[in-house]
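Here's the structure, in structure tokens; my notes come after.
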Ligand SMILES: [Zn+2]
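Numbering (the working numbering), first residue to last: 130 to 221.
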């Protein structure tokens, strides 16, 4: 199936390839980048440019040209970006 599809793409011109690329992009879940950073609160130390507290994980991903940041927490865990967006939307 995939072989056949890949062979077919050779027949496409640049414009068609771009359209295909866009179409495939819309079908793919966004790529997630994980980052660890200390969180800052309102305490004196943080306000004065201190280190912050602990190391917390955040997940970043771009979806529909918008970058989203999801708080992951202390433990390492993989998030499902689209599920997280749904959860966020429900909280509103
Ligand atoms: Zn603090």
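The beta-carbon is built from N, C-alpha and C at its ideal position, and this holds for glycine as well.
Model, not experiment: these values are computed from the prediction.
Counting only the Cα atoms, residue 151 lies some 10 Å from residue 157.
Here DSSP, grouped into helix, strand and coil, assigns residue 175 to helix. Across the structure, residue 195 and residue 133 are spaced so that their CA atoms are roughly 34 Å apart.
In the DSSP assignment, residue 193 falls outside any alpha helix (DSSP H) and carries neither an H nor an E.
Within 7 Å of the C-beta of residue 203 there is not a single heavy atom belonging to ligand 1.
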